[in-house]
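Below is one structure, written out as structure tokens; the observations come after it.
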Amino acid sequence: MERVAIKPWGNSQGIRLSKSILEKAGIETDDHLSVEIQEHAIILHKIFRHQSFEERLAQFDGKMEVYDFDWGDPVGKELV
Numbered sequence: 291m292e293r294v295a296i297k298p299w300g301n302s303q304g305i306r307l308s309k310s311i312l313e314k315a316g317i318e319t320d321d322h323l324s325v326e327i328q329e330h331a332i333i334l335h336k337i338f339r340h341q342s343f344e345e346r347l348a349q350f351d352g353k354m355e356v357y358d359f360d361w362g363d364p365v366g367k368e369l370v
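According to the working numbering, the residues represented by the sequence shown are 291 to 370, in order.
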């Protein structure tokens, strides 16, 4: 277990987390977290963030995968 200290940060208080803690939690700089208080504990959860088109494009490796999907038999007034 690692320990951290609460320190003044402007008019607030702050906690600095080591790189190893953030890596273990899968949290990166500028990620957003939700804060929950439970029985004298502070619980932080990483909030899902949609990627921009540019971010997705940067990760694209040029490979396209096409999947056939079986929607089953018609059950209403679908056009077949």
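Using N, Cα and C, we set each Cβ at its ideal position, and we do this for glycine too.
The bridge partners DSSP lists for K336 are L323.
For S310, the enclosing alpha helix (DSSP H) stretches over residues 309 to 315. Note on geometry: alpha-carbon atoms of K336 and L369 lie some 43 angstroms from one another. In this structure, DSSP gives A295 a state outside helix and strand, which the three-state scheme calls coil. Closest option to L334, judged by alpha-carbon separation, among L307, E355, K297, V365: L307.
In this structure, DSSP gives Q341 a state outside helix and strand, which the three-state scheme calls coil. Distance from the CA of K353 to the CA of V325, rounded to the nearest whole angstrom, comes to 38 angstroms. Closest in alpha carbon position to H322, among H330, L312, A331, E329, is L312.
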